[in-house]
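Note that my numbering has the sequence shown beginning at 1, numbered continuously upward.
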Amino acid sequence: MTSDALPADAISPLGVLPPAGPTCVHLPLSVTPEELARYAVGLANARGGTVLVGVDRIGDDAAGPTAGELHPLMVTHAIFELSHGRLTVNVQHHRLPGGARVLAVFVPQAPYVLAAPDGAVIAWDGLQLVPVSSPESDPVADQDYTAVAPPDASLADLDPAEVARLRSLGRRIEAANLPDLDFLRELGLLIPSGGALRPTLAAILLAGTPAALRAHVPQSEVCYYHHQTPDVEFEFRENLLRPIPALLTRLAELIQARNRFTPVQVGLFRIEVWDQDEAVYREALLNALTHRDYTLRDVIHVHHYPDRLEIMNPGGMTGGITPGNILRHQPKRRNPLLAGVLARLGLVEQAGVGVDKMFSLMLRHGKEPPEFTSYPDAVTLSLHSPGFDAEFVRFVARKQEEMQTLSLDMLIVLSVLAREGEATRADLARALQLPEDRTPRLLRGMEEHGLIVRAGVGRGIAYRLSAEVCTALGRKTAPAPSPTPDVPEPQSVPSPLPEKAAGPTAPPRPHKNARQAKAAAHDTPTTAEVRAIALALAREQGQVRNVQLRETCGLNNQQAWRALRKLVDEGLLVRTGKGTRDAAYRLA
1 MTSDALPADA ISPLGVLPPA GPTCVHLPLS VTPEELARYA VGLANARGGT
51 VLVGVDRIGD DAAGPTAGEL HPLMVTHAIF ELSHGRLTVN VQHHRLPGGA
101 RVLAVFVPQA PYVLAAPDGA VIAWDGLQLV PVSSPESDPV ADQDYTAVAP
151 PDASLADLDP AEVARLRSLG RRIEAANLPD LDFLRELGLL IPSGGALRPT
201 LAAILLAGTP AALRAHVPQS EVCYYHHQTP DVEFEFRENL LRPIPALLTR
251 LAELIQARNR FTPVQVGLFR IEVWDQDEAV YREALLNALT HRDYTLRDVI
301 HVHHYPDRLE IMNPGGMTGG ITPGNILRHQ PKRRNPLLAG VLARLGLVEQ
351 AGVGVDKMFS LMLRHGKEPP EFTSYPDAVT LSLHSPGFDA EFVRFVARKQ
401 EEMQTLSLDM LIVLSVLARE GEATRADLAR ALQLPEDRTP RLLRGMEEHG
451 LIVRAGVGRG IAYRLSAEVC TALGRKTAPA PSPTPDVPEP QSVPSPLPEK
501 AAGPTAPPRP HKNARQAKAA AHDTPTTAEV RAIALALARE QGQVRNVQLR
551 ETCGLNNQQA WRALRKLVDE GLLVRTGKGT RDAAYRLA
């Protein structure tokens, strides 16, 4: 069974078995699931290929079990479990001339070195399983799982209609004028393998038939959930296993069917501010589909709540990227082939500015920036939309026309100060994801443009919106920050309250009547004052609503929502009710 004249990486259409070699392993029918998983992992750690089970029964006329009695799904599940979910194989029966059957296990090349069920790190060298040395067992950064061509894949796995959709998306590139096969080869989606042209996993993800997606990448499914309330219960669900372009189209239909917009008039023009901006959520969905870990069997989950959209993506952040540096870190692509093709087709940003685009659009529309939460094996992106600041939208639109450029960094600073009232240089550096010593030039430029003002010296410097900006936003001009904010200023007027004076670090004492707090508070209450007033309202009335906190503290809708959300996150308040308007908050 070792004729060198036969191909060594696939089963011949004529039924002739390939010989054992670097990409093919022959195993007897008596092999245990554990041993089969060991050989599959060893082959994946080498070049990938085919494991043939039951070869020893070929030509055996004696009665007994055959490979036909082994169920492919049972073998697939056993290998998946024994490899701890890191190896997905395709298993099929093949009938040979004369009626004999073998079980063919098609194993892709692993993007990084896997461990066998017993913890050993091994590889198939063409003759036997051998240990992998320490340097060889380190993950290889340039391996691309989506560039692998499954040994059993064929051109029949591609849907001509989806190929035409790809051509339509890429109509501006020269390759769009080529015949289908040449078009796909030019994109790198077809590669020669075993004397035939085979589609890569990226090709199947972009233009595969439903059967091919189920067979090769069932984990590419996306589950969409719509929630009527902020609770975990959902009232609608749809599971989608489609090529990526078709997937995006359907997800956009589902989200837009439940989306709303508010018109904002700016001079002669009208800006439509959607609960979920289509350009933002399309970028977020493409980011998830492009950079997820396709070696994991988990699927993407999209949860559509009344006040946010959450996209839960398998695979942690790569290459040192974290939620705290995602705006500044050099882009890292987990799936280079897939990302490159989507960039050439114009669906994603080649230069890695997709996250910047999401931040910019949400800030321009008076919302909070995207919120990333990273786990070792997953990433969640939350696009909050509890409301927006219409005056901020108008101000940004006018200022953009006046200055010709309003950079993302400027938008971040303006947004933070509009929400918080004031911030130190350290606070702004964290929001900008920059070292503190790199912020002075930006902040000086914004001062020169009359956007912000500062007071204090050294580490005590605090920044606020300028009087001009406050007026444009329809807010009262806040008093200048104290030059020594860390030391309480002496009171020139004694407190009318007979209570004993609190210590120098005690929080503001809530008023007996929280509705009178606005008159006694500053024009722009501090964060601590807003917290105290919210808790006092909840204590006096049994609950507090967004509108009550806005009226009492002179906040906008988003500032009030942000303060209430922080109290919920800290376990001080509990939210009840549906949506933003009907939501109420009571003491926990």
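Using N, Cα and C, we set each Cβ at its ideal position, and we do this for glycine too. Here the structure is a predicted model, which is why all the values come from computation and not from measurement.
Where residue i sits in the DSSP three-state scheme
i	result
Thr50	strand
Gly320	coil
Leu127	coil
Glu447	helix
Gly42	helix
Gly354	helix
Phe106	strand
Pro510	For Pro510, the predicted model reports a pLDDT of 45, less than 50, meaning its position is unreliable; a value from the coordinates is still stated below. Coil at Pro510, not helix or strand.
Ser407	coil
Ile255	helix
Gln265	strand
Arg260	coil
Arg475	coil
Ala100	coil
Phe183	helix
Ser382	strand
Arg364	helix
Ala175	helix
Pro218	helix
Val530	helix
Val544	strand
Ala584	strand
Pro589	Absent from the structure is residue 589, since the part of the chain shown begins at 1 and ends at 588.
Arg565	helix
Glu278	helix
His26	strand
Gly21	strand
Residue environment, residue i, which counts as buried when at least 16 other CB atoms sit within 10 Å
i	result
Asp144	buried
Ser83	buried
Asn287	buried
Met403	exposed
Phe359	buried
Gln516	Unreliable placement is indicated for Gln516, whose pLDDT of 43 sits below 50; no coordinate value is reported for it.
Phe106	buried
Thr322	exposed
Tyr375	exposed
Ser415	buried
Ser220	buried
Gly170	buried
Ala279	exposed
Glu368	buried
Pro559	A small correction: the amino acid at residue 559 is Gln; Pro does not occupy that position in the sequence shown. Label assigned to Gln559: buried.
Val25	buried
Alpha carbon of residue i to alpha carbon of residue j, nearest angstrom
i	j	result
Ala531	Arg565	Per the sequence shown, residue 531 should be read as Arg rather than Ala. The alpha-carbon atoms of Arg531 and Arg565 are separated by roughly 11 Å.
Thr552	Asp356	35 Å
Gln109	Glu34	19 Å
Pro72	Ile58	19 Å
Leu289	Ile244	8 Å
Arg185	Gly366	45 Å
Ala519	Leu345	With a pLDDT of 40 at Ala519, under the threshold of 50, the predicted position of this residue should be treated as unreliable, though the coordinate-derived value follows. About 58 Å.
Val547	Gly188	56 Å
His216	Arg328	35 Å
Pro306	Asn557	15 Å
Val457	Gly450	19 Å
Val51	Asn90	10 Å
Val163	Met74	34 Å
Pro483	Glu436	At Pro483, the pLDDT of 46 sits below 50, so the modelled position is not reliable; the number obtained from the coordinates is stated separately. Their backbone Cα atoms lie some 20 Å apart in a straight line.
Tyr224	Arg333	25 Å
Asp152	Leu573	56 Å
Assumed close pair residue i, residue j - CB separation to whole angstroms, cut-off 8 Å
i	j	result
Phe395	Leu473	6 Å
Ala212	Asp298	With a Cβ gap of about 20 Å, Ala212 and Asp298 do not count as contacting.
Ala37	Ala78	7 Å
Arg575	Ala538	With a Cβ gap of about 11 Å, Arg575 and Ala538 do not count as contacting.
Leu408	Lys399	Not a contact, Cβ separation roughly 14 Å.
Ile461	Val413	About 13 Å separates the two Cβ atoms, so there is no contact after all.
Ala120	Pro131	7 Å
Val302	Val222	6 Å
Asp377	Gly316	6 Å
Ile311	Ala284	6 Å
Ile191	Ala149	5 Å
Exercise for the section: Pair every Cβ in the region 330-338 with every Cβ in the region 370-387, then say whether three or more of these pairs are closer than 8 Å. Expected result: Taking 8 Å as the limit for Cβ pairs, the verdict is that the region 370-387 does not touch the region 330-338.
Practice task
May I ask you to verify whether the region 197-216 touches the region 231-238, counting CB pairs closer than 8 Å and requiring at least 3?
Solution key: By the Cβ test, the region 197-216 is not in contact with the region 231-238, since fewer than three Cβ pairs between them sit closer than 8 Å.
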